[in-house]
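Visitor: Dumping the structure here so I can ask a few things about it.
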Amino acid sequence: MPASTATKVSTSTDDVVPADLNIPDNYVAHTLKTQKALPPIKWEEWYKEINWLSTIILTVTPVLGLIGAFLTSLRWETFLFSIFYYFVTGLGITAGYHRLWAHRSYNASLPLQYILAACGAGAVEGSIKWWCRGHRAHHRYTDTDLDPYSAQKGFFHAHIGWMLLKPRRKPGVADVSDLTKSPVIRWQHRHYLPLILIMGFLIPTVLPWLLWNDARGGFVYAGVIRLCFVHHSTFCVNSLAHWLGETPFDDKHTPRDHIITAFATIGEGYHNFHHQFPMDYRNAIKWYQYDPTKWFIWVCQQMGLASHLKIFPDNEVKKGQLTMQLKKLRETQDKLVWPSDNSDLPVISWESYREQSLKRPLIVIAGFIHDVSDFIDEHPGGAHLLVKNIGKDATTAFFGGVYDHSNAAHNLLSMKRVGVLHGGSQHGVDEKAIPPGQRLRIARYNELSTSPYNSGTGYSDSEGLLG
Ligand SMILES: [Zn+2]
Ligand SMILES: [Zn+2]
Numbered sequence: 001m002p003a004s005t006a007t008k009v010s011t012s013t014d015d016v017v018p019a020d021l022n023i024p025d026n027y028v029a030h031t032l033k034t035q036k037a038l039p040p041i042k043w044e045e046w047y048k049e050i051n052w053l054s055t056i057i058l059t060v061t062p063v064l065g066l067i068g069a070f071l072t073s074l075r076w077e078t079f080l081f082s083i084f085y086y087f088v089t090g091l092g093i094t095a096g097y098h099r100l101w102a103h104r105s106y107n108a109s110l111p112l113q114y115i116l117a118a119c120g121a122g123a124v125e126g127s128i129k130w131w132c133r134g135h136r137a138h139h140r141y142t143d144t145d146l147d148p149y150s151a152q153k154g155f156f157h158a159h160i161g162w163m164l165l166k167p168r169r170k171p172g173v174a175d176v177s178d179l180t181k182s183p184v185i186r187w188q189h190r191h192y193l194p195l196i197l198i199m200g201f202l203i204p205t206v207l208p209w210l211l212w213n214d215a216r217g218g219f220v221y222a223g224v225i226r227l228c229f230v231h232h233s234t235f236c237v238n239s240l241a242h243w244l245g246e247t248p249f250d251d252k253h254t255p256r257d258h259i260i261t262a263f264a265t266i267g268e269g270y271h272n273f274h275h276q277f278p279m280d281y282r283n284a285i286k287w288y289q290y291d292p293t294k295w296f297i298w299v300c301q302q303m304g305l306a307s308h309l310k311i312f313p314d315n316e317v318k319k320g321q322l323t324m325q326l327k328k329l330r331e332t333q334d335k336l337v338w339p340s341d342n343s344d345l346p347v348i349s350w351e352s353y354r355e356q357s358l359k360r361p362l363i364v365i366a367g368f369i370h371d372v373s374d375f376i377d378e379h380p381g382g383a384h385l386l387v388k389n390i391g392k393d394a395t396t397a398f399f400g401g402v403y404d405h406s407n408a409a410h411n412l413l414s415m416k417r418v419g420v421l422h423g424g425s426q427h428g429v430d431e432k433a434i435p436p437g438q439r440l441r442i443a444r445y446n447e448l449s450t451s452p453y454n455s456g457t458g459y460s461d462s463e464g465l466l467g
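What follows is the structure, given as structure tokens:
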């Protein structure tokens, strides 16, 4: 659609036009075709390919931490405080950057917003606006070249590589105009550098110094090493969460659910659910699954700091789960051998059946002719009962007249079908013609006889559906 004919959306408070307002309908294909990617990385000129700012932050931090740890003894108070501060700054990212701002999965009061923005700055992962812009593109273009940390490019790229090297492409367009209007996000953006220094290093140094006189330990363990852990913990959401685990809700893309990822990421490990229902404030939907970010948001709600926690309708969540379960069952169903279909079997007259049964052991049950030659000696009730019925209709005898056979026996019997008796089955045995193993089956929509997509049946005028 040309921009001139596009409906102009005016924002009442601010004239920020959504970035994706005027993109073409075939945006992804169009962009991948028309926007040239940078040439592959040339290792001879590696220094030109490095994103120096991120690389320095992400390499100096662990080196400094390692040296510091060798030279500084760890006090237990500092150890516990470092874990606590890991959660404080980590939640700034998971509950703040991710679930509040990138996905708007709940509303936070102004004080909570400031707290989360400050704590998130202590995780040193860029400003809220930059982070959310990338994350929204990740959700929108998952696994494509427009996904800034596409898992298709390998674990290392998704984890950290995308920040160390210059990206080959710009991330796909994603609107963050709602964030641009937020005074908290603007405040964080304006004061980002001092916030990093205060939240990332000053507070974790000063608090242990004032409380138990361990400024140096505070800086090394709660500052530097804690930062390193927060970094890799949240990076795991892009790497490990797209690599390890199950896909209980959808298997179209790489996101997966796994408890190990949940432990590594303050509860962001149920990533398959998250990509399906990104506006849900939860990642883990079961009470016993580890999701401290969800618990934190819930506690904030109880304290009156958060409201409008979004939950996707359970009915729709279950549909996704059911689809995946049926898919697995269908695979099992497809691996089994099923009896020949009516249409594959020859139709034989009663006379012909009688005649042929003189040459081989054939028995009619429920309108089907069965060849029992490999079963006579195996028959649990004795060979004589089969021999007695050769050339006859044993329907009544099979279904209770002599012995009411088990479902397994009926399933096995149906595997011995060699023909259909002309004239169909006797009255009242229609249901008996379908073995128990086939009475409940998994069929795709186009395999169902009642499907409107299946030619020959479905909607017709006589049913009044076309008026
Ligand atoms: Zn993801
Ligand atoms: Zn997300």
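Sequential numbering of the sequence shown, starting at 1, is according to my numbering.
For each residue, glycine too, the CB sits at the ideal point set by N, CA and C.
Because the structure is a prediction, the values reported are computed rather than measured.
(1) Identify the residues that DSSP records as bridge partners of LEU165: which are they?
(2) Could you check where the beta strand (DSSP E) with ASP371 kicks off and where it finishes?
(3) Is any heavy atom of ligand 1 found at a distance shorter than 7 Å from the C-beta of ALA241?
(4) Alpha carbon to alpha carbon, how far is ILE225 from THR61? Give it in angstroms, no decimals.
(5) For TYR270, is the classification buried or exposed, using 16 other Cβ atoms within 10 angstroms of its Cβ as the cut-off for buried?
(6) Between which two residues does the beta strand (DSSP E) holding VAL364 run?
(7) When every heavy atom of ligand 2 is checked, does at least one fall within less than 7 Å of the C-beta of ALA284?
(8) Give every residue whose Cβ lies closer than 6 Å to any heavy atom of ligand 2, listed in chain order.
(9) Could you pull out every unbroken alpha helix (DSSP H) segment of at least 4 residues lying fully inside the region 391-421, listed in chain order?
(10) Using DSSP's beta-bridge definition, name the partner residues of ASP257.
(11) Measuring only the C-alpha atoms, how far is GLU49 from CYS300?
(12) For LEU193, which option in PRO204, GLY172, SER127, SER233 has the closest C-alpha, if you only look at C-alpha atoms?
(13) Which whole runs of the alpha helix (DSSP H) in the region 39-111 are 4 residues long or more, in chain order?
(14) Is SER343 helix, strand or coil by DSSP?
(15) Just verifying my parser: in three-state terms, what is the DSSP assignment at SER307?
(16) Answer with buried or exposed for ILE185, where buried requires no fewer than 16 other C-beta atoms within 10 angstroms of its C-beta.
(17) On the three-state DSSP scale, how would you describe ILE203?
(18) What are the residues that DSSP puts in a beta bridge with ILE434?
(19) I want to check one thing, is the minimum distance from the CB of LYS238 to the heavy atoms of ligand 1 below 7 Å?
(20) Kindly indicate which residue of ARG190, ARG133, SER239, PHE277 has the alpha-carbon position closest to the one of THR261.
(21) If you draw a straight line from the C-alpha of LEU116 to the C-alpha of LYS33, how long is it?
(22) Please name the residue, chosen from LYS327, ARG444, LYS432, that lies closest to GLY400 on a Cα-to-Cα basis.
(23) Would you check if the region 353-370 and the region 386-401 touch, i.e. whether three or more CB-CB distances between them fall below 8 Å?
(24) Please confirm if the region 118-127 is in contact with the region 142-151, defined as three or more CB-CB distances below 8 Å between the two stretches.
(25) If the criterion is Cβ atoms closer than 8 Å, does the pair LEU386 and VAL372 meet it?
(26) On the three-state DSSP scale, how would you describe ALA117?
(27) Assess contact between the region 241-261 and the region 151-163, defined as three or more Cβ pairs (one per stretch) separated by less than 8 Å. Is contact present?
(28) What residue range does the alpha helix (DSSP H) around ARG523 cover?
(29) Let's see if you can read the secondary structure: which residues bound the alpha helix (DSSP H) around CYS132?
(30) Nearest-angstrom Cα distance between VAL17 and ALA121?
(31) Cα-Cα, which of TYR97, LYS181, LEU322 is closest to ASP250?
(32) When the Cα atoms are used, what is the spatial distance from THR265 to THR234?
Guide: Taking the geometry as given:
(1) Looking at the DSSP output, LEU165 shares a beta bridge with ILE50.
(2) 368-371 is the extent of the beta strand (DSSP E) around ASP371.
(3) Yes, the Cβ of ALA241 comes within 7 Å of a heavy atom of ligand 1.
(4) The alpha-carbon separation between THR61 and ILE225 amounts to approximately 7 Å.
(5) Residue environment analysis places TYR270 among the buried positions, since at least 16 neighbouring C-beta atoms fall within 10 angstroms of its C-beta.
(6) VAL364 -> beta strand (DSSP E) spans 362-365.
(7) Every heavy atom of ligand 2 is 7 Å or more from the Cβ of ALA284, so no.
(8) For ligand 2, the selected residues are HIS98, ALA102, HIS103, HIS135, HIS139, HIS274, PRO278.
(9) You should have 395-398, 407-414.
(10) Paired residue(s): GLU246, TYR270.
(11) The straight-line gap from Cα to Cα measures roughly 43 Å.
(12) Cα-wise, what sits closest to LEU193 is SER127.
(13) Counting whole runs of 4 or more residues, the region 39-111 contains the alpha helix (DSSP H) stretches 46-49, 52-71, 76-91.
(14) The answer is helix: DSSP assigns SER343 an H, G or I state.
(15) Of the three classes helix, strand and coil, the one that applies to SER307 here is strand, per DSSP.
(16) Looking at its Cβ environment, which holds 16 or more other Cβ atoms inside 10 Å, ILE185 is buried.
(17) Annotated three-state conformation of ILE203 is helix, per DSSP.
(18) In the DSSP secondary-structure assignment, ILE434 is not bridged to any residue.
(19) Correcting the residue identity first, residue 238 is Asn in this sequence and not Lys. Under cutoff, so the answer is yes.
(20) That would be SER239, whose Cα lies nearest to the Cα of THR261.
(21) So the alpha carbons of these two residues sit roughly 40 Å apart.
(22) When each option's Cα is compared against that of GLY400, the closest is LYS432.
(23) Flag = yes, the region 386-401 and the region 353-370 touch.
(24) In the pairwise beta carbon analysis, the region 118-127 is classified as not touching the region 142-151: fewer than three pairs are separated by under 8 Å.
(25) Yes, the pair counts as a contact, with Cβ atoms nearer than the cut-off.
(26) In the structure shown, ALA117 sits in a helix (DSSP, three-state: H, G or I).
(27) A contact between stretches requires three or more CB pairs, one per stretch, nearer than 8 Å, and the region 241-261 meets this requirement with the region 151-163.
(28) For the chain, the structure presents residues 1 to 467; residue 523 sits outside this window and is missing.
(29) That run of the alpha helix (DSSP H) goes 128-140.
(30) Distance between the alpha carbons of VAL17 and ALA121: 27 Å.
(31) Nearest C-alpha to ASP250: LEU322.
(32) Those two C-alpha atoms are separated by around 6 Å.
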